Structures are given as C-alpha cells and as structure tokens.
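**Student:** First to last, the sequence lines map onto chains A and B. According to numbering that gives the first Met the number 0, the residues represented by the first sequence are 0 to 111, in order. According to numbering that gives the first Met the number 0, the residues represented by the second sequence are 0 to 236, in order. Ideal Cβ positions, reconstructed from N, Cα and C, are used throughout, including at glycine. Here the structure is a predicted model, which is why all the values come from computation and not from measurement. Once you've had a glance at the structure underneath, I'll fire off some questions.
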Amino acid sequence: MSQKSLGEFEQVVMLALVKLGDNAYGAAIRAFLHESISRDVALGALYATLERMEKKGLVSSELGESTAQRGGRPKRFFAVTGQGKLALISAKQAMDTLWQGISMAELGGHHG
Amino acid sequence: MANHISHTNQALPKLAELLIRKLGVPNYSDELIGDMQEEYGELMMKDPKTASRWMWRQTLLASWEGQKSLWQTPLFVSVITGVFTAMLLFVIVGFVVWLSNMDSTTPLLWEQILNGQIHYIVFSPDFWQQATFAVNNTPVDIFMFMNVPSVGWALAWAVAMFLLSKRYTMSPRVFSVVGMALSAVPYLVGYTVINTQNLDPKQIGPILAYMIIAPLYILPMLSTWAFFRNKGSMHLA
C-alpha cells in the first residue's frame, strides 16, 4: 500500500464531506460534526485540515454563492476526490481488520 | 441535517476580521470569515454574550492555526535555518579570533576553556568584550579557521545527510533539525573527551578547534542545501 494513512481528524472531515454531498462548506461541516458526533470543531482547524488535504489531492473545492448574511463572501464547497475515496476505503479496511474479534463488551462499552 | 440558516446579517468586529486576515490560514480567510459571520448571526439572536465569546474563541483559534501552518512552510524553515546559521557563525568567528589571539583572560573563562564549556563562555560579558577587542585589533588570518578533522566531519556530515535524504522522505523542518543535530556531534564528542580525559591545555586546544570549526563548515552547507531543497515549494501560504 503506497498511500499515506489518514489522520483521525482527516477521516472525520472527509466522511462529513461525503455525508453532506453538495452542501459541504465550512459552517455546514462544523454543524454536522457537532450534531452527529458532538464534536466541537474550530473553524480554523477545519480549514487548516481542508487546505492540507486539498494540497495532498484528497479533496477538491470550488467557490459557491455569496450571501448577505456572509457579508457578501462566498461559500467554498469541498468534495472528496477519487484519491481521497481510496484513502478512506483503505483507512476503513485497516480499522475493520483491527476491530475483528473485539467485542464492545470486551472493552466494557456498549452500543449506541 | 445542516443548521437552519437564519437571515441575520451580523458583521464580525473589525478587529476579529483583521486578526483572521493577517494571522489565519491565508487561502481561506474570506470563506472562514463568511462562515463565522453566518454562525455568529445565529448565536447573536439567541444569546449575544455567548455569541461574543464564541466569536473571539474562533478568532483566536483561527489565528493560531494560521500561524502554526506558517511555521511549517518551507520558506519559514529556510529563513529560520538561515538566521540561526548566521547567528552561530558570528559567535564562532568571534570565538576563534578571541582564542587564537588570547594572551590572558579571566580565571573563570580560562577554567571554562579547560573544561570545554564553550556554551557558557559565549554568554559571558567578559568573552564578548575580549572577542570584540580581538576582532577589531588583530588581523584575521584565514588559517585560524582551517582544521583538518573538521573538514573530515563536514564531508561525513554531507554524505550522511545525502544518504538520509535518499532513504527517508524528510520534511523541510525535519531536514533542518537533523542537519543541525548532526552538526552538533563534534561539539558533544569534544566536550565529552575533554571532561573524561586528563588533558593538558595544549591537548585541549585542537579539540576546541574541532568542536567549534566543524559547525562553521557545516552550517552554511545546511542553510544553502535547505534553501535549494525547499526552493521549489516555497510560498507564504
């Protein structure tokens, strides 16, 4: 396997992009992560990670519409590239392999 | 799934915008400010105090992330390596001229010389006074800076860095740190030898020369190499 492994936060952000589809811009990504996994992500950290992933070719972006509530500033929509999807699949396969045979009861946890 | 977007138009304070533009991640500062303004507007409708606290927290965190990104850029690493090199070269030249022309010195400095404690000497006001006098009043002879063991170590350093670069993918920061660490080996070796062997001053002199002149050869090589290595990827953002 030649591709570099994804960091935990990179995976989280990329999965959020996949879930949000065409609506994956900064504020929406942040809101989604807060609602779905109760993770309070700073916008600065989010954009720093998105910029880094864009330079690596894992995500792409394009400018969207400006709105008055944004002071006339455009949104920037992000999407996972083909290379990014391969990296996500690889990361999931690695985690699934490691998780095999481990039950939540063994860890003292519970589902949901 | 996405937040309900209200139609407020709550602008960020000018100071917050300025901090994000100047200190935040440069490429996306406009979009980040737009996102902040969206959420800030919503929060202001619910609780202005919470909104204000949230907004300043986001501003500080965005500024921090922007600066963190900057420190990791090849340009920044090259500049820091260059500045560090220039400072060390200045100190090394002063030390060599001082030591080469020293007739007498303070008892403390003499003791520190015999113990190889150059790292204490260079912080002594007496050293700087004497070194400044020596530099201004004695002709600088190029042979003061020639040391065969140092040439040997400098070549070994260059080969080691070349092989490490080939074997491992080193980021600009790692390359500079590894280069600096290897350039410090003669100093550590010399210091250990001086402090573990019972040497007389005539034997200590050449060791001191090796300790201090090897970095004199290596650091300009490191700085130049780091600059050309990073040149292709140097940008502010």
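Mind checking who residue 62/A pairs with in its DSSP beta bridge?
**Tutor:** Residue 62/A is bridged to 75/A.
**Student:** Taking residue 141/B as the reference, give the member of 212/B, 129/B, 186/B and 183/B with the closest Cα.
**Tutor:** Comparing Cα-Cα distances from residue 141/B to each of 212/B, 129/B, 186/B and 183/B, the minimum goes to 212/B.
**Student:** Report the neighbours of residue 57/B on chain A: residues whose CB is nearer than 9 Å to its CB, in chain order.
**Tutor:** Near residue 57/B (Cβ distances below 9 Å), the residues of chain A are 41, 42 and 43.
**Student:** Strictly under 8 Å for the Cβ-Cβ distance: is residue 65/B near chain A by that measure?
**Tutor:** Interface residue, yes.
**Student:** Relative to the C-alpha of residue 81/A, which candidate in 37/A, 32/A and 55/A has its C-alpha closest?
**Tutor:** Comparing Cα-Cα distances from residue 81/A to each of 37/A, 32/A and 55/A, the minimum goes to 55/A.
**Student:** Could you tell me the distance, in whole angstroms, from the CA atom of residue 2/B to the CA atom of residue 166/B?
**Tutor:** For residue 2/B, the pLDDT reaches just 44, beneath the cut-off of 50, and the residue's location in the model is therefore unreliable, although a value from the coordinates is still provided. The straight-line gap from Cα to Cα measures roughly 49 Å.
**Student:** List the whole-angstrom C-beta distance separating residue 186/B from residue 160/B, where the pair is believed to meet the contact cut-off of C-beta under 8 Å.
**Tutor:** Incorrect: roughly 17 Å between the Cβ atoms, too far for contact.
**Student:** From residue 79/B to residue 168/B, what does the alpha carbon distance come to, in whole angstroms?
**Tutor:** Each residue's Cα considered, the two are about 21 Å apart.
**Student:** Measuring only between beta-carbons, confirm whether residue 38/A sits less than 8 Å from chain B.
**Tutor:** It does not: the Cβ of residue 38/A has no partner Cβ on chain B nearer than 8 Å.
**Student:** What are the uninterrupted segments assigned as alpha helix (DSSP H) that are 4 or more residues long and contained completely in the region 164-231 of chain B, given in chain order?
**Tutor:** Segments of the alpha helix (DSSP H) lying fully in the region 164-231 of chain B: 171-182, 184-195 and 200-229.
**Student:** Under the DSSP definition of a beta bridge, which residues are partnered with residue 24/A?
**Tutor:** Bridge partners of residue 24/A: 76/A.
**Student:** Pick out whichever of 107/B, 127/B, 71/B and 105/B has its Cα sitting closest to the Cα of residue 91/B.
**Tutor:** Of the candidates 107/B, 127/B, 71/B and 105/B, the one whose C-alpha sits nearest the C-alpha of residue 91/B is 127/B.
**Student:** Would you tell me roughly how many angstroms separate the C-alpha atoms of residue 101/A and residue 26/B, rounded to the nearest one?
**Tutor:** Residue 101/A and residue 26/B: Cα-Cα distance of roughly 43 Å.
**Student:** Does any CB atom of chain B fall closer than 8 Å to the CB of residue 78/A?
**Tutor:** Closer than 8 Å: no.
**Student:** Residue 130/B and residue 97/B - do their beta-carbons sit closer together than 8 Å?
**Tutor:** Yes. Within cutoff.
**Student:** Specify, as a first and last residue, the run of the alpha helix (DSSP H) that residue 119/B falls within.
**Tutor:** Run containing residue 119/B: 117-120, per the alpha helix (DSSP H) assignment.
**Student:** Taking only three categories from DSSP, how would you classify residue 56/A?
**Tutor:** If DSSP states are grouped into helix, strand and coil, residue 56/A belongs with coil.
**Student:** Got a sec? Which residues, its chain only, sit under 6 Å from residue 68/B by beta carbon, not counting five neighbours each side?
**Tutor:** Taken in chain order, the residues that qualify are 24.
**Student:** Whose C-beta lies closer than 8 Å to the C-beta of residue 39/B among residues of the same chain, with five residues either side of it excluded?
**Tutor:** The residues are 9, 11, 50, 53 and 54.
**Student:** Give the secondary structure of residue 104/A by DSSP, where H, G and I count as helix, E and B as strand, and everything else as coil.
**Tutor:** Of the three classes helix, strand and coil, the one that applies to residue 104/A here is coil, per DSSP.
**Student:** Would residue 26/B count as contacting chain A if we go by Cβ distances under 8 Å?
**Tutor:** Yes, contact with chain A.
**Student:** Should the region 8-16 of chain A be called in touch with the region 68-84 of chain A, which here means at least 3 C-beta pairs below 8 Å?
**Tutor:** Segments in contact, yes.
**Student:** Which stretch, first to last residue, makes up the alpha helix (DSSP H) that contains residue 24/B?
**Tutor:** That residue, residue 24/B, is in no alpha helix (DSSP H); it is neither H nor E in DSSP.
**Student:** Using the C-alpha atoms, what's the distance from residue 84/A back to residue 31/B?
**Tutor:** About 25 Å.
**Student:** Which class does residue 84/B belong to by DSSP, given the choice of helix, strand or coil?
**Tutor:** Helix, per DSSP.
**Student:** Quick check: what's the CA-CA separation for residue 30/A versus residue 47/A?
**Tutor:** Between residue 30/A and residue 47/A, the C-alpha separation is close to 17 Å.
**Student:** By alpha-carbon positions, which one of 83/B, 224/B, 114/B and 44/B ends up nearest to residue 199/B?
**Tutor:** The option with the nearest alpha carbon to residue 199/B is 114/B.
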